[in-house]
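Participant:
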Amino acid sequence: MIELQNLSAGYPGREVLHGVTLTFHPGRVLALVGPNGCGKSTLLRAAAGLLSVSGGQILLDSAPLETYTPKEIARRVAFLPQSRPVPSITASRMVLHGRFPHLGYPRRCRAKDHRAAEQALAQVGGTDLSHRMVPELSGGQRQKVYLAMALAQDTATILMDEPTTYLDVGCQLEVMTLARRLAGQGRAVILVLHDLCLAMQAVDEIALLAEGRLVSLGEPEELFAAGILDRVFGVALGRVNTPDGWRYYYQ
Amino acid sequence: MRSWRTSSMGRQPNKALAVLAVLTPMLALLSLCLGPVALAPGEVLGALLGRETGTAGQIVLYARLPRACGCLLAGASLAVSGAVIQGVLDNPLAAPNIIGVNAGAGLAVAICCSVAPTAAAMVPFAAFLGALAGVLLVLFIAQRTGAARITLVLAGVAVSSMCSACIDAVVTFVPEALNGYSDFRVGGLGSLSMDRIVPAFWLALPALALLVALAGELDVLLLGQETARSLGLRVQPLRLLLLALAAALAGAAVSFAGLLGFVGLIVPHIMRRLTVSGSLPLLLSSALGGAALLTACDLLGRLLFAPYELPVGVVLALTGGPFFIWLLLRQRGGRTG
Chain W
22 MIELQNLSAG YPGREVLHGV TLTFHPGRVL ALVGPNGCGK STLLRAAAGL
72 LSVSGGQILL DSAPLETYTP KEIARRVAFL PQSRPVPSIT ASRMVLHGRF
122 PHLGYPRRCR AKDHRAAEQA LAQVGGTDLS HRMVPELSGG QRQKVYLAMA
172 LAQDTATILM DEPTTYLDVG CQLEVMTLAR RLAGQGRAVI LVLHDLCLAM
222 QAVDEIALLA EGRLVSLGEP EELFAAGILD RVFGVALGRV NTPDGWRYYY
272 Q
Chain B
3 MRSWRTSSMG RQPNKALAVL AVLTPMLALL SLCLGPVALA PGEVLGALLG
53 RETGTAGQIV LYARLPRACG CLLAGASLAV SGAVIQGVLD NPLAAPNIIG
103 VNAGAGLAVA ICCSVAPTAA AMVPFAAFLG ALAGVLLVLF IAQRTGAARI
153 TLVLAGVAVS SMCSACIDAV VTFVPEALNG YSDFRVGGLG SLSMDRIVPA
203 FWLALPALAL LVALAGELDV LLLGQETARS LGLRVQPLRL LLLALAAALA
253 GAAVSFAGLL GFVGLIVPHI MRRLTVSGSL PLLLSSALGG AALLTACDLL
303 GRLLFAPYEL PVGVVLALTG GPFFIWLLLR QRGGRTG
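Okay, structure coming up:
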């Protein structure tokens, strides 16, 4: 479990996050939402140990994050970055790279690593992609491969930075279904999302950030009832009740 | 239906490697047999085993063997150096001769030969330091200016030009610093002796072995810095180590073969097409492919206009230049990632 305690972080000469306190609970899907530049990606990077912290601290399984080696962090936390290069390798090999934190020297994959990678690709519905070269895949298919790589890491926490961007609606829903399934397995799943409506209907908890600070944290319905999303985003969010639950829309 | 493990290996890397593993020694044997005096394979073998002590033995041991070994070592070193540099800098246009590595090594060789002309064993290590300084300077400039792919190439051109001018200045003041200077500039393997190759070999061998050992890390690095770090890789130290090893390989080659261009650019590109998926097959096939290409070009340079001899660097430039232009056009078309 990751706990951010009064966390301040950013880049050299520019602090982006100011005093954020937030916990990523196992078995729950948390969406980070907020206007552009509010620090959502910075928060994820800091939680993954990729940014130095300028104030507060991050606890990973109750111990300060800096006491772990990069590999130890990678065995506990998977991070799907926003920018994803497209290496000229097969999808299956790409997914196998997710096992890197678990490999000793000389980085030779064992049978159980191949099995884990195979299962990860199956879990995202991408078994048929295993032989294909990554550059030949569509955006949605590449996303599946990246997700499978993160799953192959077999971590208790999965951080995804804009996993639904550039995907068609069908693929977006697949990603959200997968996130729910992963949470069902007891993992903490944290997503940066831009689509408020998607976030409102598919996650357990929403953390609303603005100007580097945590403005609000709660279940989607609580945030909707408080009207805080409308104020921060400057939109009017509406909803209708359907047999599948609340569906949100911009008025 | 192919299994998961088979599929992960990509496009038949073993077949390409096997072909190269046969082709390269065959070319080396041809290189020992052919020349102004044609020798039978039996004579060459006899000379290598010390049974042939006549003229044929002298030709093989003192003229053709050093040259063949030089081709194999310089070709393999430069090609692997190019593959590593392209991967680490995520730039398909990067190569030791383009980003200032060769020129830095060349300058160090010129300085070393002018200051300590009798210390032949020191030359490869001076070349390594020069190559390392070249690559670090280019990296520094590119990072300060945004690290765009084209910036890196332009910074390399600038550093190469400065180093070339300095080499000219050194040779002007100490003309005997680089004997056969024109050969050194374009890259040539004439009048090579084993004394000059052996120290370079001892620099290149551990660098090559370390790179093969780090192939797994290089694979992960190719996923991009952020992904690599999230997988637990210490990216910055690894990048510096890989570039230092690439510089050692390029320096080893430049120390006895001069400023050979294009091997480090062309061969990794070709090998990426023939073998796929994974740095280890790429490094191994680049080593074999670079050795084969340089041996073939040297053979052509010796035979095409016999009794005149074209330096291997000239033949390489005539084949590598058009390839580089094609690569640039392809880049412009946006089909290379």
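Chains W and B are the protein sequences, given in the same order. Per our numbering, the first sequence starts with residue 22, numbered consecutively. Per our numbering, the second sequence starts with residue 3, numbered consecutively. For each residue, glycine too, the CB sits at the ideal point set by N, CA and C.
Does any residue of chain W bring its CB to less than 7 angstroms from the CB of Ser232/B?
Facilitator: By this cut-off, Ser232/B is an interface position.
Participant: By the criterion of Cβ-Cβ separation under 7 angstroms, what are the contact partners of Arg49/W in chain B?
Facilitator: By Cβ distance, chain B contributes nothing, its closest Cβ being about 21 angstroms from Arg49/W, past 7 angstroms.
Participant: Quick check: is the beta carbon of Thr338/B nearer than 7 angstroms to any beta carbon in chain W?
Facilitator: A caution first: Thr338/B carries a pLDDT of 42, below 50, which makes its placement in the model unreliable, though a value can still be read off. Not closer than 7 angstroms to any Cβ of chain W, the Cβ of Thr338/B fails to qualify, so no.
Participant: For Gly226/B versus Pro106/W, is the C-beta distance shorter than 7 angstroms?
Facilitator: A contact, by the Cβ cut-off of 7 angstroms.
Participant: Output needed in chain order: residues of the stretch 86 to 98 of chain W with a Cβ under 9 angstroms from some Cβ in chain D.
Facilitator: No chain D is present in this structure, whose protein chains are W and B.
Participant: Check for me: the beta strand (DSSP E) holding Ile79/W runs from which residue to which?
Facilitator: Run containing Ile79/W: 74 to 81, per the beta strand (DSSP E) assignment.
Participant: What do you reckon, are the CB atoms on Val224/W and Val50/W nearer than 7 angstroms?
Facilitator: In contact: Val224/W and Val50/W (Cβ atoms closer than 7 angstroms).
Participant: State the DSSP-derived secondary structure class of Ala303/W, mapped to helix, strand or coil.
Facilitator: Here chain W comprises residues numbered 22 to 272, so residue 303/W is not present and cannot be evaluated.
Participant: Run through DSSP, which three-state label would His46/W get?
Facilitator: The answer is coil: DSSP assigns His46/W none of H, G, I, E or B.
Participant: Looking at the C-beta of Ala143/W, does it have a partner C-beta in chain B at a distance below 7 angstroms?
Facilitator: Chain B, which has no Cβ nearer than 7 angstroms to the Cβ of Ala143/W, makes this no.
Participant: Count the other C-beta atoms from every protein chain shown that fall within 10 angstroms of the C-beta of Leu203/W, then say buried if there are 16 or more, exposed otherwise.
Facilitator: Buried, by the Cβ-count rule.
Participant: Between Val236/W and Val54/W, what straight-line distance do the alpha-carbon atoms span, to the nearest angstrom?
Facilitator: Computed Cα separation, rounded: 10 angstroms.
Participant: Kindly say whether Glu228/B, judged by its beta-carbon, lies nearer than 7 angstroms to any beta-carbon of chain W.
Facilitator: Answer yes: the Cβ-Cβ gap between Glu228/B and chain W drops below 7 angstroms somewhere.
Participant: With a CB to CB cut of under 8 angstroms and the five nearest residues on each side skipped, what residues in its chain are close to Val261/W?
Facilitator: Trp267, Arg268, Tyr270.
Participant: Okay, do the stretch 94 to 109 of chain B and the stretch 264 to 275 of chain B touch, 3+ Cβ pairs below 8 angstroms being the bar?
Facilitator: Contact between the stretch 94 to 109 of chain B and the stretch 264 to 275 of chain B is present, because at least three Cβ pairs lie under 8 angstroms.
Participant: Residues of chain W with a CB under 7 angstroms from the CB of Leu213/B: which are they?
Facilitator: By Cβ distance, chain W contributes nothing, its closest Cβ being about 13 angstroms from Leu213/B, past 7 angstroms.
Participant: From the DSSP secondary-structure annotation, give me the bridge partner or partners of Ser62/W.
Facilitator: DSSP output for Ser62/W lists no bridge partner at all.
Participant: I believe Cys114/B touches Ala293/B by the beta-carbon criterion, under 8 angstroms. Please report the beta-carbon distance rounded to the nearest angstrom.
Facilitator: That belief does not hold up - the Cβ atoms of Cys114/B and Ala293/B are roughly 26 angstroms apart, past 8 angstroms.
Participant: Which partner residues does Met124/B have in the DSSP bridge list?
Facilitator: Answer is none; Met124/B lacks a bridge partner.
Participant: For chain B, check one thing: does any of its Cβ atoms lie closer than 7 angstroms to the Cβ of Phe121/W?
Facilitator: Yes, Phe121/W lies at the interface with chain B (some Cβ there is under 7 angstroms from its Cβ).
Participant: Who are the near neighbours of Gly158/B in its chain, counting only those whose CB is closer than 6 angstroms to its CB and skipping five residues on each side?
Facilitator: Excluding residues within five positions, the ones whose Cβ falls inside 6 angstroms are Ile100, Ile101, Gly102, Val140.
Participant: Which first and last residues belong to the beta strand (DSSP E) in which Ala226/W is found?
Facilitator: The displayed chain sequence assigns Glu, not Ala, to residue 226/W. 226 to 231 is the span of the beta strand (DSSP E), which, as asked, contains Glu226/W.
Participant: In or out: Phe142/B buried (at least 16 other Cβ within 10 Å) or exposed?
Facilitator: Looking at its Cβ environment, which holds fewer than 16 other Cβ atoms inside 10 Å, Phe142/B is exposed.
Participant: Using beta carbons (cut-off 7 angstroms, strictly below), is Leu225/B in contact with chain W?
Facilitator: It does; some Cβ of chain W falls within 7 angstroms.
Participant: Check for me: the alpha helix (DSSP H) holding Ser281/B runs from which residue to which?
Facilitator: Its alpha helix (DSSP H) spans residues 281 to 305.
Participant: Quick one: which residues of the stretch 61 to 88 of chain W get their C-beta closer than 9 angstroms to a C-beta of chain B? List them in chain order.
Facilitator: So the close ones are Arg66, Ala69, Gly70, Leu71.
Participant: Measuring only between beta-carbons, confirm whether Phe100/W sits less than 7 angstroms from chain B.
Facilitator: Judged by the 7 angstroms Cβ criterion, Phe100/W is in contact with chain B.
Participant: Cβ of Gly84/B less than 7 angstroms from any chain W Cβ?
Facilitator: So no, Gly84/B is outside the interface.
Participant: I need the straight-line Cα distance from Thr198/W to Thr148/W, nearest angstrom please.
Facilitator: So the two alpha carbons sit approximately 17 angstroms from each other.
Participant: Given that Asp221/B touches chain W, what residues does it touch there, using C-beta distances under 7 angstroms?
Facilitator: Ordered by position in chain W, the residues that pass the 7 angstroms Cβ test against Asp221/B are His118.
Participant: Buried or exposed, going by whether 16 or more other CB atoms sit within 10 Å of the CB of Thr120/B?
Facilitator: Exposed is the call here.
Participant: Find the residues of chain W that neighbour Arg146/B, judging by a C-beta separation of less than 9 angstroms, and give them in chain order.
Facilitator: The contacting residues do not exist; Arg146/B stays about 14 angstroms from chain W at best.
Participant: Among Met221/W, Lys61/W, Val41/W, whose alpha-carbon lies nearest the alpha-carbon of Glu243/W?
Facilitator: Comparing Cα positions, the closest option is Met221/W.
Participant: If we cut at 7 angstroms on Cβ distances, does Pro33/W have a partner in chain B?
Facilitator: Judged by the 7 angstroms Cβ criterion, Pro33/W is not in contact with chain B.
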